[in-house]
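K.L.:
Here the protein sequences line up with chains A and B, keeping their order.
Going by numbering that gives the first Met the number 0, the residue at position 209 of the first sequence is 208; the numbering climbs one at a time, nothing skipped.
Going by numbering that gives the first Met the number 0, the residue at position 216 of the second sequence is 215; the numbering climbs one at a time, nothing skipped.
Note that CB positions come from ideal geometry on N, CA and C, so glycine has one too.
Protein chains: 2
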Amino acid sequence: MTGQTRLSWTDVRDTIRTRILNRTYAPGDKLPRDEDIAIELGCARITVHRAMQDLALTGLVERKRKGGTHVRTDPVTRATFDIPITRREVEQRGSKYGYQLISRTLQDAPASVLARFGLQQPTRMLHVKALHLADNRPYIFEDRWIDSSVSPEILDVDLTTESANEWLVHNKPYSRLDVRFYAINAKGESAQHLATPAGSALLVIERTTWIEQDPITTVQAYAAPGYQLAALN
Amino acid sequence: MTGQTRLSWTDVRDTIRTRILNRTYAPGDKLPRDEDIAIELGCARITVHRAMQDLALTGLVERKRKGGTHVRTDPVTRATFDIPITRREVEQRGSKYGYQLISRTLQDAPASVLARFGLQQPTRMLHVKALHLADNRPYIFEDRWIDSSVSPEILDVDLTTESANEWLVHNKPYSRLDVRFYAINAKGESAQHLATPAGSALLVIERTTWIEQDPITTVQAYAAPGYQLAALN
DNA sequence: AAGTGGTCTAGACCACCTT
DNA sequence: AGGTGGTCTAGACCACTTG
Chain A
0 MTGQTRLSWT
10 DVRDTIRTRI
20 LNRTYAPGDK
30 LPRDEDIAIE
40 LGCARITVHR
50 AMQDLALTGL
60 VERKRKGGTH
70 VRTDPVTRAT
80 FDIPITRREV
90 EQRGSKYGYQ
100 LISRTLQDAP
110 ASVLARFGLQ
120 QPTRMLHVKA
130 LHLADNRPYI
140 FEDRWIDSSV
150 SPEILDVDLT
160 TESANEWLVH
170 NKPYSRLDVR
180 FYAINAKGES
190 AQHLATPAGS
200 ALLVIERTTW
210 IEQDPITTVQ
220 AYAAPGYQLA
230 ALN
Chain B
0 MTGQTRLSWT
10 DVRDTIRTRI
20 LNRTYAPGDK
30 LPRDEDIAIE
40 LGCARITVHR
50 AMQDLALTGL
60 VERKRKGGTH
70 VRTDPVTRAT
80 FDIPITRREV
90 EQRGSKYGYQ
100 LISRTLQDAP
110 ASVLARFGLQ
120 QPTRMLHVKA
130 LHLADNRPYI
140 FEDRWIDSSV
150 SPEILDVDLT
160 TESANEWLVH
170 NKPYSRLDVR
180 FYAINAKGES
190 AQHLATPAGS
200 ALLVIERTTW
210 IEQDPITTVQ
220 AYAAPGYQLA
230 ALN
């Protein structure tokens, strides 16, 4: 016999993916049961399962108990993004990181902020505006609200030194996250602090986090013109 | 004894995640070996492994062979986005989908397009501009280049009826994908076709795909003002 | 009711990395 | 060199979902 090494689940995944690209298994087709594929390829069923799991995650196939595995007819483009701490992001670009606190006030959160958290009741929160710089040039302007009843310690943090971004990441792990992207025209503060003409198109990254049911923070990060966010891979 | 059911890997994941949020395992700490956790919780090592895998994917912990598992000091915010076929996206919003071909020409790809593919040689490509509508209102304007030597069949497709987006998704699976987001001010065609004043901020979703080493297509999708892209979960 | 994916166990060995 | 995560096998049982 040919003394080949054992199949790894990535081998199995690649084999099946190739067959899908091949049209051996065409869109909409039902694939053989995991067990049959295992027998055919000569590996354990769980190895096929692992491979399939990965293909399902990528959006190439769809699995249902009893229904079996099908090649998706409308493959979904699925992309994953890392949104690091801003300091880290700047430093990884090889730039010098800078930070400025713009304002810090305790006030009732407006309806739009309450809505992001899904809150009904008026709530007093810490409102922080800050600017992150790369090589002394504006990089990201952030407008953040922090629920100070959930994170009372934040009230004692010197935000002129340490950014709320960084403090929260290091001290307030979250259990739920909402992220969304959109574009907006610079105006007022965002234009001023990013040193760009009013009307410039800005990418906004809006993040809201909770710990269990409790709101932690919500932030709109306005990236300076030219900013791009690229997916992993 | 209490007749509890067996631990699932999600239970184990949740237990460990709670401990991390608890600071039982603080940022930077080394976690016990998988096997010790398995013994402590009373499950198989592989079950702990599965849980850890998930936590590592989410960016909460970092694993290294021999080095063990550590709680990340700078947890990364990681978000996954689905970018469906535009027709599907519109229909899932409950709107009526519409499509218009704007132009279709065979021409040499400009340097910017070649750069996206990482190509050096001048290449003749099919250049397609099209508009997707939701309830008869402009939704996404797409500016697309297709390598017609890799996908010659596209030359015979009636793009006035079927969008290139859809045809490609159904007929040209890709093996590599690049996705990036940025914001841009509407001008010229993008403003005109999206029926928005020049200068409006637009979210651009740029996607480039390859099959193995061969370029398939690259597209800049300009979303109408107000468009938001939300992460899964 | 029955088929198929989902997961757990126990044991073994491999592969990578740090010391 | 040795420790730790990574994965494979074989078998069993569970859970969902469809016919």
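(1) Given that A:Trp169 touches chain B, what residues does it touch there, using C-beta distances under 9 angstroms?
(2) Check whether chain A comes within 8 angstroms of B:Phe180, counting only Cβ atoms and requiring the distance to be less than that.
(3) With a threshold of 8 angstroms on Cβ separation, who are the neighbours of A:Val203 within its own chain once the five nearest residues in sequence on each side are excluded?
(4) Measure the CB-CB distance between A:Ser94 and A:Asp134 and report whether it falls below 8 angstroms.
(5) Taking only the alpha-carbon atoms, compute the straight-line gap between B:Thr217 and B:Arg206 and give it to the nearest angstrom.
(6) Determine the extent of the alpha helix (DSSP H) in which A:Thr159 is found, giving its start and end residues.
(7) Counting only beta-carbon atoms, is B:Arg233 nearer than 8 angstroms to chain A?
(8) Closer than 8 angstroms, CB to CB, is A:Tyr98 near chain B or not?
(9) Going by beta carbon distance, what residues of the same chain come within less than 7 angstroms of A:Val11, once the five residues before and after it are set aside?
(10) Have a look at B:Pro26, B:Lys63, B:Arg103 and B:Thr72 and flag the residue whose alpha-carbon is nearest the alpha-carbon of B:Glu161.
(11) Going along chain A, which residues have a C-beta under 8 angstroms from B:Leu40?
(12) Using a C-beta to C-beta distance shorter than 8 angstroms, which residues of chain A count as neighbours of B:Thr68?
(13) Counting only C-beta atoms, is B:Phe202 closer than 8 angstroms to chain A at any point?
(14) Residues in the segment 137 to 157 of chain A with C-beta within 9 angstroms of chain B's C-beta atoms, listed in sequence order?
(15) Is it the case that the Cβ atoms of A:Leu105 and A:Leu125 are separated by a distance below 8 angstroms?
(16) What does A:Ser162 touch in chain B if you count any residue whose Cβ is under 8 angstroms from its own?
(17) Taking 6 angstroms as the limit between beta carbons, can you name the residues of its chain near A:Asp213, skipping five residues before and five after?
(18) Do you know offhand how far A:Ile139's Cα is from B:Arg64's?
(19) Look at A:Thr208 and A:Tyr173 and say whether their C-beta atoms are less than 8 angstroms apart.
(20) What are the boundary residues of the alpha helix (DSSP H) that B:Asn21 is part of?
(21) Roughly how many angstroms separate the alpha carbons of B:Ala163 and B:Arg115, rounded to a whole number?
(22) Could you tell me which chain A residues have their CB closer than 8 angstroms to the CB of B:Ser174, listed as they occur along the chain?
(23) Beta-carbon within less than 6 angstroms of B:Thr195's beta-carbon, same chain only, minus the 5 sequence neighbours each way: which residues are those?
(24) Bridge partners for A:Arg206 per DSSP, in chain order?
(25) Are the C-beta atoms of B:Asp213 and some chain A residue less than 8 angstroms apart?
(26) Is the Cβ-Cβ distance between A:Trp144 and A:Val178 less than 8 angstroms?
(27) Residue ranges of each alpha helix (DSSP H) run of no fewer than 4 residues wholly in the segment 35 to 101 of chain B, ordered along the chain?
(28) Going along chain A in order, which residues have a C-beta closer than 8 angstroms to the C-beta of B:Leu236?
(29) For the putative contact between A:Arg44 and A:Ala55, defined by C-beta atoms under 8 angstroms, what is the C-beta separation to the nearest angstrom?
(30) Which stretch, first to last residue, makes up the alpha helix (DSSP H) that contains A:Arg115?
(31) Taking only beta-carbon atoms, is B:Gly93 less than 8 angstroms away from chain A?
(32) Bridge partners for B:Lys128 per DSSP, in chain order?
(33) Let's see if you can read the secondary structure: which residues bound the alpha helix (DSSP H) around A:Gly187?
(34) With a threshold of 16 other CB atoms inside 10 Å of the CB of A:His19, please say whether the residue is buried or exposed.
(35) Going by the beta-carbon positions, is the gap between B:Leu59 and B:Tyr98 smaller than 8 angstroms?
(36) Between A:Ile215 and the rest of its own chain, which residues show a CB-CB distance below 8 angstroms, the 5 nearest in sequence each way excluded?
P.N.:
Looking at the coordinates:
(1) Taking the first sequence and counting its residues from 1, the one referred to as residue 169 of chain A is at position 170. Here residue 169 of chain A turns out to be His, not Trp, going by the sequence shown. Going along chain B in sequence order, the residues near A:His169 (Cβ under 9 angstroms) are Pro26, Thr72, Asp73 and Pro74.
(2) If you number the second sequence from 1, residue 180 of chain B lands on position 181. It does; some Cβ of chain A falls within 8 angstroms.
(3) Sequence index remark: in the first sequence, residue 203 of chain A carries index 204 (1-based). The answer, listed in chain order, is Phe180, Tyr181, Ala182, Ile183, Gln219, Ala220, Tyr221 and Ala222.
(4) Numbered from 1 along the first sequence, position 95 holds the residue referred to as residue 94 of chain A. Numbered from 1 along the first sequence, position 135 holds the residue referred to as residue 134 of chain A. The answer is yes: Cβ separation under 8 angstroms.
(5) The residue given as residue 217 of chain B occupies position 218 in the second sequence. The residue given as residue 206 of chain B occupies position 207 in the second sequence. Whole-angstrom Cα-Cα distance: 6 angstroms.
(6) Here residue 159 of chain A is taken as the residue at index 160 of the first sequence, counted from 1. A:Thr159 -> no alpha helix (DSSP H), and no H or E assigned at all.
(7) This structure leaves residue 233 of chain B out entirely; chain B is present only between 0 and 232.
(8) In the first sequence, counting from the first residue as 1, residue 98 of chain A sits at position 99. Taking Cβ atoms only, chain B never reaches closer than 8 angstroms to A:Tyr98, which makes this a no.
(9) Position 12 of the first sequence, counted from the first residue, corresponds to residue 11 of chain A. So the qualifying residues of the chain are Leu40, Cys42, Thr46, Val47 and Ala50.
(10) Position 162 of the second sequence, counting from 1, holds the residue named residue 161 of chain B. Among B:Pro26, B:Lys63, B:Arg103 and B:Thr72, the Cα nearest to that of B:Glu161 is on B:Arg103.
(11) Indexing the second sequence from 1 puts residue 40 of chain B at position 41. The premise fails here: B:Leu40 is roughly 20 angstroms from chain A at the closest Cβ pair, so nothing lies under 8 angstroms.
(12) Within the second sequence, the letter at position 69 stands for residue 68 of chain B. Within chain A, no residue comes near B:Thr68; the closest Cβ sits about 16 angstroms away, beyond 8 angstroms.
(13) Along the second sequence, one-based indexing puts residue 202 of chain B at 203. Looking at the sequence itself, residue 202 of chain B is Leu, so the reference to Phe does not match. Closer than 8 angstroms: yes.
(14) none
(15) Counted from its first residue, the first sequence places residue 105 of chain A at position 106. Counted from its first residue, the first sequence places residue 125 of chain A at position 126. Yes.
(16) Counting from one through the first sequence, the residue named residue 162 of chain A turns up at place 163. None at all; the shortest Cβ gap to chain B is about 13 angstroms.
(17) One-based indexing of the first sequence puts residue 213 of chain A at position 214. Counting only Cβ-Cβ distances below 6 angstroms, and skipping sequence neighbours, we find Val149.
(18) Position 140 of the first sequence, counted from the first residue, corresponds to residue 139 of chain A. Position 65 of the second sequence, counted from the first residue, corresponds to residue 64 of chain B. Roughly 37 angstroms between the two C-alpha positions.
(19) What you label residue 208 of chain A is simply residue 209 of the first sequence in a count that begins at 1. What you label residue 173 of chain A is simply residue 174 of the first sequence in a count that begins at 1. Cβ atoms of A:Thr208 and A:Tyr173: closer than 8 angstroms.
(20) Your numbering for residue 21 of chain B matches position 22 in the second sequence. Residues Trp8 to Asn21.
(21) The residue labelled residue 163 of chain B in the question sits at position 164 within the second sequence. The residue labelled residue 115 of chain B in the question sits at position 116 within the second sequence. If I take the Cα positions, the gap works out to 19 angstroms.
(22) One-based indexing of the second sequence puts residue 174 of chain B at position 175. By Cβ distance, chain A contributes Arg16 and Leu20.
(23) Translated into the one-based positions of the second sequence, residue 195 of chain B becomes position 196. The residues are Ala185 and Pro224.
(24) To locate residue 206 of chain A, count along the first sequence from 1; it is residue 207. Its beta-bridge partners are A:Val178 and A:Val218.
(25) Taking the first residue of the second sequence as 1, we reach residue 213 of chain B at position 214. Chain A, which has no Cβ nearer than 8 angstroms to the Cβ of B:Asp213, makes this no.
(26) Counting from 1 along the first sequence, the entry for residue 144 of chain A is found at position 145. Counting from 1 along the first sequence, the entry for residue 178 of chain A is found at position 179. Not in contact: A:Trp144 and A:Val178 (Cβ atoms no closer than 8 angstroms).
(27) 44 to 57 and 85 to 91
(28) What the structure shows of chain B is the stretch from 0 to 232, and residue 236 of chain B is not part of that stretch, so it cannot be assessed.
(29) Taking the first residue of the first sequence as 1, we reach residue 44 of chain A at position 45. Taking the first residue of the first sequence as 1, we reach residue 55 of chain A at position 56. Contact doesn't hold; Cβ gap of about 16 angstroms is too wide.
(30) Indexing the first sequence from 1 puts residue 115 of chain A at position 116. Element bounds for A:Arg115: Ala110 to Phe116.
(31) For this step, residue 93 of chain B is matched to residue 94 along the second sequence. Answer no: the Cβ-Cβ gap between B:Gly93 and chain A never drops below 8 angstroms.
(32) Taking the second sequence and counting its residues from 1, one reaches residue 128 of chain B at position 129. Paired residues: B:Ser102 and B:Asp142.
(33) Walking along the first sequence from the start, residue 187 of chain A turns up at place 188. Its alpha helix (DSSP H) spans residues Gly187 to Leu193.
(34) Position 20 of the first sequence, counted from the first residue, corresponds to residue 19 of chain A. Just to set this straight, residue 19 of chain A is Ile in the shown sequence, not His. Under this definition A:Ile19 is a buried residue.
(35) Looking up residue 59 of chain B in the second sequence gives position 60. Looking up residue 98 of chain B in the second sequence gives position 99. No, these two residues do not count as a Cβ contact at 8 angstroms.
(36) In the first sequence, residue 215 of chain A corresponds to position 216, counting from 1. Hits under 8 angstroms: Ile145, Asp146, Val149, Ser150, Leu167, Lys171, Tyr173, Thr208 and Trp209.
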